[in-house]
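Working notes, beginning with the structure itself.
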Amino acid sequence: MQRTMTFREADPAQIMFFGQIFGWAHDTFELFIKEAGFKFDEYFSTKDYFIPIRHTSADFMAPLFPGRTYDIEACVKKISDSSLTMAYTFSDDKNVCAKVIMIHTFADPKKKEKTSIPDK
Numbered sequence: 000m001q002r003t004m005t006f007r008e009a010d011p012a013q014i015m016f017f018g019q020i021f022g023w024a025h026d027t028f029e030l031f032i033k034e035a036g037f038k039f040d041e042y043f044s045t046k047d048y049f050i051p052i053r054h055t056s057a058d059f060m061a062p063l064f065p066g067r068t069y070d071i072e073a074c075v076k077k078i079s080d081s082s083l084t085m086a087y088t089f090s091d092d093k094n095v096c097a098k099v100i101m102i103h104t105f106a107d108p109k110k111k112e113k114t115s116i117p118d119k
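The opening position of the sequence shown corresponds to residue 0 in numbering that gives the first Met the number 0, with each subsequent residue numbered one higher.
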């Protein structure tokens, strides 16, 4: 996926406000889910389970600037019994600018506790 940073996503120093990177990662995740063959409602609106994010981390190696376009690569880093770890790499033409990790945990909506990832 490619994304061009907007002016409103910058902080007063005219680099990406740190929290914006998580929105970009989640937008990429939604595209990833679609490309994996899921419809939006199949993943995000099911009554059988919900999938909160239980951990995020970001490492910035170079600033991201408004008006520039960045490549975003998403990959599954790890699948366990009840969680999915996604890794995202943000790069420009020359450098890796940032890396993000997001861990999604599958949970039973009635019991409010983790559950095994469904087969599908």
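Note that the Cβ used here is the ideal one computed from N, Cα and C, for glycine as well.
Closest Cα partner of residue i within the set the options
| i | options | result |
| --- | --- | --- |
| proline 51 | Lys119, Ala106, Lys110 | Ala106 |
| serine 81 | Asp118, Thr55, Val99 | Asp118 |
| isoleucine 100 | Ser79, Val75, Gln19 | Val75 |
| proline 62 | Cys96, Glu112, Phe43, Gly18 | Cys96 |
| isoleucine 116 | Phe89, Ile102, Ser79, Lys98 | Ser79 |
Contact check, residue i vs residue j, beta carbons under 8 Å
| i | j | result |
| --- | --- | --- |
| methionine 4 | tyrosine 69 | yes |
| threonine 104 | arginine 53 | yes |
| alanine 57 | phenylalanine 17 | yes |
| phenylalanine 31 | threonine 55 | no |
| phenylalanine 64 | glutamine 13 | yes |
Backbone secondary structure at residue i - three-state DSSP
| i | result |
| --- | --- |
| phenylalanine 89 | strand |
| glutamine 19 | helix |
| aspartate 40 | helix |
| alanine 35 | coil |
| aspartate 10 | coil |
| threonine 114 | coil |
| threonine 104 | strand |
Integer-rounded CB distance, given that residue j should sit under 8 Å from residue i
| i | j | result |
| --- | --- | --- |
| tyrosine 48 | proline 11 | About 41 Å separates the two Cβ atoms, so there is no contact after all. |
| aspartate 91 | arginine 67 | 6 Å |
| isoleucine 71 | arginine 2 | 6 Å |
| glutamate 9 | methionine 15 | In the sequence as presented, glutamate is not what sits at residue 9; that position holds alanine. Sure, about 6 Å apart at Cβ, within 8 Å. |
**OP:** List in chain order: all unbroken beta strand (DSSP E) runs of 3+ residues lying wholly within the segment 43-85.
**Re:** 52-59, 68-78
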